[in-house]
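Asks:
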Amino acid sequence: MTAAPQARNCIVVLSKAPQPGRCKTRLARHIGDLRATSVHRQLVLHSLRCATAVSQTQVVLACTPSPAHGFFLRCRRQFPIRLGRQAQGDLGRRLCAALNQALVQGYRRAVVIGTDCADLRCGDLTTAFEALEHTDTVMQPAEDGGYVLLGARRTLPSLHGIAWSSGREGRQTAQRLRQGGLSLVQTRISWDVDTRADWVRARQQALLSGYFG
0 MTAAPQARNC IVVLSKAPQP GRCKTRLARH IGDLRATSVH RQLVLHSLRC ATAVSQTQVV
60 LACTPSPAHG FFLRCRRQFP IRLGRQAQGD LGRRLCAALN QALVQGYRRA VVIGTDCADL
120 RCGDLTTAFE ALEHTDTVMQ PAEDGGYVLL GARRTLPSLH GIAWSSGREG RQTAQRLRQG
180 GLSLVQTRIS WDVDTRADWV RARQQALLSG YFG
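Numbering (numbering that gives the first Met the number 0), first residue to last: 0 to 212.
(1) Take every Cβ of the stretch 143–161, pair it with every Cβ of the stretch 81–91, and state whether three or more of those distances are shorter than 8 Å.
(2) Would you decide whether V203 is buried or exposed? Buried here means 16 or more other CB atoms lie within 10 Å of its CB.
(3) Would you grab the beta carbon distance between H29 and R200 for me? Rounded to a whole angstrom, and I think it's under 8 Å.
(4) With respect to the alpha helix (DSSP H) encompassing A259, which residues constitute its N-terminal and C-terminal limits?
(5) Please name the residue, chosen from G20, P17, L26, that lies closest to W198 on a Cα-to-Cα basis.
(6) Note the first and the last residue of the continuous beta strand (DSSP E) segment covering C14.
(7) Compute the beta-carbon to beta-carbon distance between V147 and L181, rounded to the nearest angstrom, for a pair I have assumed lies under 8 Å.
(8) For L183, name the three-state secondary structure that DSSP assigns.
(9) Among S54, T36, Q174, which one has its Cα closest to the Cα of I10?
(10) Taking the alpha carbon of L206 as the point to measure from, which residue in A16, A35, Q41 has its own alpha carbon closest?
(11) Start and end of the beta strand (DSSP E) containing R81?
(12) DSSP three-state label for R108, please.
Listed below in structure tokens is the structure:
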């Protein structure tokens, strides 16, 4: 029998390894593979800083293609985190697997984030966990119609068939959750660094000052 986790909450950070040509590919078309990879690396570190600042919370960095990548091993040395491997399949399958696995393991509330949001704040994660005291699921929407955070205190229904990167994924996910009988709260709207305009915006706002070159 598996012992219950000491922390009541879990944050899962989904991340690709910082490999040129395999991360931030939309941004790379405008600023080059090497600079885009550097942006990705710093966004991962930003996400981990925010996540590990939330008290009494286990943080898991869910990696692809492998947690054995040198960057992920350095992250584990730098932050109080565990490394894991992402599930196979599309984003919906990976989101569901991350959240449902955390809940099955005994965490009371679980939140999953990606590594694209320069605007992410520690307070966003705290707000999500506070919302999960009163609702089954929580979503932090993004300006492009997606979302930067999804949290749950009950296991999720399948998100198979969601039109990812369509601008409709947030609305479709919310509909799927409600159809599955789950209540949902949405928090403040945020934004990801996906395009050159996003990159310029992050530089102008100095959200990751010194990281963007």
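Note that beta-carbon positions come from the ideal geometry of N, C-alpha and C, so glycine has one too.
Nothing here was measured: the structure is a model prediction, and the numbers come from that model.
Replies: For this structure:
(1) Taking a cut-off of 8 Å for Cβ pairs, the stretch 143–161 and the stretch 81–91 touch, as three or more such pairs fall below it.
(2) In the sequence on display, residue 203 carries Gln and not Val. In this structure Q203 is exposed. Its beta-carbon is surrounded by fewer than 16 other beta-carbon atoms within 10 angstroms.
(3) Approximately 13 Å separates the beta-carbon atoms of H29 and R200; this is outside 8 Å, ruling out the contact.
(4) Nothing can be reported for residue 259: it is not among the residues displayed for the chain, which extend from 0 to 212.
(5) The candidate whose alpha carbon is nearest that of W198 is L26.
(6) Note that residue 14 is Ser in the sequence shown, not Cys. Residues 8–15.
(7) Actually they do not touch by this definition, with Cβ atoms about 19 Å apart.
(8) For L183, the secondary structure class from DSSP, reduced to helix, strand or coil, is strand.
(9) Among S54, T36, Q174, the Cα nearest to that of I10 is on S54.
(10) Looking only at A16, A35, Q41, the smallest Cα-Cα distance to L206 is reached by Q41.
(11) Segment 81–84, the beta strand (DSSP E) holding R81.
(12) The answer is strand: DSSP assigns R108 an E or B state.
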